[in-house]
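A.B. asks:
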Amino acid sequence: MKKLKVEDLDRIKEEFIEGSKLQKGERTVEILVHMGTCGIAAGAEEVFDSLKEEIENSGRNDIEIVMTGCAGMCSSEPNVTIRRLGEEAVIYRDLDREKIKEVFRKHVLEGEIATQYVLAKIK
Numbered sequence: 001m002k003k004l005k006v007e008d009l010d011r012i013k014e015e016f017i018e019g020s021k022l023q024k025g026e027r028t029v030e031i032l033v034h035m036g037t038c039g040i041a042a043g044a045e046e047v048f049d050s051l052k053e054e055i056e057n058s059g060r061n062d063i064e065i066v067m068t069g070c071a072g073m074c075s076s077e078p079n080v081t082i083r084r085l086g087e088e089a090v091i092y093r094d095l096d097r098e099k100i101k102e103v104f105r106k107h108v109l110e111g112e113i114a115t116q117y118v119l120a121k122i123k
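In structure tokens, the structure reads:
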């Protein structure tokens, strides 16, 4: 991962202030891959790469994938949060390349929660 510069921090701040693309209606699904040190050590980079492939293969352009820091649940990493427009956010736990493909297909493409991997729901 590259080092952040002051300009990067300014850009991140502006993006945060403007709100997510999901909140602005530019996307219908936002996927957060928690990539703190604990997540990376547990395989979050592989999960992120697998998600990028799945999104690309789906042909959809209404899905945003975002790298975030630790969500504070290190023992269940890699964690991914999926937010669909108008629905509760769902945090999935203990994911790998294959599990995230199943979660993506079921939750993002079919609109059903993959209950076997759920850690929490957020209103």
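Be aware that the sequence shown starts at 1, since it is given in the working numbering, and climbs by one per residue. Beta carbons are placed, not taken as given, at the ideal position from N, Cα and C, and that holds for glycine.
1) Could you check what DSSP says for K123 in three-state terms: helix, strand or coil?
2) Are the CB atoms of E30 and E64 nearer to each other than 8 Å?
3) Which residues does DSSP list as the beta-bridge partners of R83?
4) Where I82 and E54 are concerned, what is the direct C-alpha to C-alpha distance, given to the nearest angstrom?
5) Pull up the DSSP beta-bridge partners for I65, would you.
C.D. replies: So, from the listed chains and residues:
1) Residue numbering aside, residue 123 sits at position 123 when the sequence shown is read from its first letter. K123 falls in the coil class under three-state DSSP.
2) If you number the sequence shown from 1, residue 30 lands on position 30. If you number the sequence shown from 1, residue 64 lands on position 64. For E30 and E64, yes; Cβs fall inside 8 Å.
3) Start at 1 with the first residue of the sequence shown, and residue 83 comes out as number 83. E30.
4) Working through the sequence shown from its first residue, we reach residue 82 at position 82. Working through the sequence shown from its first residue, we reach residue 54 at position 54. C-alpha separation (whole angstroms): 14 Å.
5) Within the sequence shown, residue 65 is the residue found at index 65, counting from 1. I31, per the DSSP bridge assignment.
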